[in-house]
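These notes concern the structure reproduced below.
Number of protein chains: 2
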Amino acid sequence: MVEIFKALAEESRLRILAILMEDEMCVCEIEECLKMTQSNVSRHLTALKNSGILDSYKKAQWAYYKVSNKFKEDNQDLWLYLVKKLKESPNYHKDLDECQNCKRIDLCDVRKP
Amino acid sequence: MVEIFKALAEESRLRILAILMEDEMCVCEIEECLKMTQSNVSRHLTALKNSGILDSYKKAQWAYYKVSNKFKEDNQDLWLYLVKKLKESPNYHKDLDECQNCKRIDLCDVRKP
DNA sequence: TTCGCATATGAGTATTTACTCATATATATT
DNA sequence: AATATATATGAGTAAATACTCATATGCGAA
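Here the protein sequences line up with chains A and B, keeping their order.
Residue 10 in full-length UniProt numbering sits at position 10 of the first sequence, and the numbers go up by one each step.
Residue 93 in full-length UniProt numbering sits at position 93 of the second sequence, and the numbers go up by one each step.
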């Protein structure tokens, strides 16, 4: 439990989690959406993954991250709380809009026709 | 939200919260129950209070802390999660037992007849 | 007023954490 | 094999955090 709270006790990580709430994403997309450095994104994703909140898989050189279903199941009340509160957080809509813009750019394999 | 997670991202604070789940307590009682230094208890309680999780009141030289009702109302899902998970945590039963022992000792005014 | 008790706070120390730049590693293309 | 792209990881730096000891502050009793 404390490990989960530690992972969540950081603004950048909550922003990442907020945009991952909607759909899985690739590192390069998160970078672009949140205007964060690649290495910083990677580290935060690793922290969230290590605490059991995210899952990831690789497709060629691309790494995709998504909220872990197991996490959602094992921590239903917390997940409910997060979904609600993340949508209310100050950066949420701005970040979401930015993500819509990013989806118009071909960033990684999954976005290519 | 992040402030709340920051307050909860610490083992000692979760232990304090776990025993405060049952009933309000005085600083000196928490000290005794959890075998922590007075100053450390005081600091953790202040952190939990500043994040909105706890409320406190003074009675003479004694300071009592309890879980804030406002916090419970505003963060129902999270509180539900905490109650469940705190009871499952490794130290919970040991700490609870220790508290039962402490209640046999007269520590502060409220315990005196 | 002085003394005793409870607790908050100052200060020091060690550890942890967030971020960056650089680069190692993994995968694909030529 | 060389080159390009994506991402994880090493290393350095600054800031934050947890804990302790000491003591300031607040309250009550004598």
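Even for Gly, the Cβ is constructed at its ideal location relative to N, Cα and C.
Because the structure is a prediction, the values reported are computed rather than measured.
B/K94 and A/N50 have their C-alpha atoms spaced approximately 28 Å apart. Each of B/L48, B/I30 and B/L107 was checked against the Cα of B/I4, and the nearest Cα belongs to B/L48. With distances taken between CA atoms, B/D106 lies nearest to B/C28 out of B/N40, B/R13, B/K59 and B/C28. Residue environment analysis places B/Y57 among the exposed positions, since fewer than 16 neighbouring C-beta atoms fall within 10 angstroms of its C-beta.
In the structure shown, the three-state DSSP call for A/D55 is strand. Between the beta-carbon of B/L14 and that of B/S89 there is about 7 Å, and that keeps the pair under the 8 Å contact cut. A distance below 8 Å between beta-carbons, with the five flanking residues on each side excluded, links B/I53 to the following residues of its chain, in chain order: I4, A7, L8, L17, V67, S68 and F71. Within chain A, the residues placing a beta-carbon under 9 Å from that of B/M1 are L8, L14, Y81, L82, K85, L86, E88 and S89, ordered along the chain.
Here B/D97 is not near A/Y81, since their CB atoms are 7 Å or more apart. Secondary structure note for B/K84: its alpha helix (DSSP H) is the uninterrupted segment Q76 to E88. Look at B/K66 here: in three-state DSSP terms it is strand. Secondary structure in the segment 12-61 of chain B: the alpha helix (DSSP H) runs of 4 residues or longer, each lying completely within the stretch, are 27-34 and 38-50 in chain order.
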